[in-house]
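*Asks:*
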Amino acid sequence: VVSDVAQGKGLGRHLLEQIVEVARQEKITKITAEVHPENSTMLDLCRKLGFQVEMEVGDPTASVEMVIS
């Protein structure tokens, strides 16, 4: 969670990129997360970084997943 004051400054992107990098270093093969479906900024960021985004009607969260190679 990034506070409103820090929104739009690249902190979320930096943190997500660091998570992916650590996963690679630790030989983790998959990252999964749940995102509020109205958080379009985070969903767009996940897509840009290579996550697959799945949303189902009526589901209170969107699922994001990245397979690490």
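Numbered continuously in the numbering used here, the sequence shown closes out at residue 1553.
We put the CB at the ideal spot given by N, CA and C, even for glycine.
1) In the structure shown, what three-state DSSP assignment does I1503 receive?
2) Three Cβ pairs or more, each shorter than 8 Å: is that satisfied between the stretch 1544 to 1552 and the stretch 1514 to 1529?
3) What would DSSP say about V1541, mapped onto helix, strand or coil?
4) Only counting the same chain, and skipping five residues up and downstream in sequence, which positions put a Cβ closer than 6 Å to that of A1507?
5) Just to confirm the assignment, what range does the beta strand (DSSP E) spanning S1524 have?
*Replies:* Concretely, from the data shown:
1) Position 19 of the sequence shown, counted from the first residue, corresponds to residue 1503. Reduced to three states, the DSSP call for I1503 is helix.
2) yes
3) Counting from one through the sequence shown, the residue named residue 1541 turns up at place 57. V1541 falls in the coil class under three-state DSSP.
4) Here residue 1507 refers to the residue found at position 23 of the sequence shown. Same-chain partners within the cutoff: I1515 and I1552.
5) Along the sequence shown, one-based indexing puts residue 1524 at 40. Not the beta strand (DSSP E): S1524 falls in the alpha helix (DSSP H), residues S1524 to K1532.
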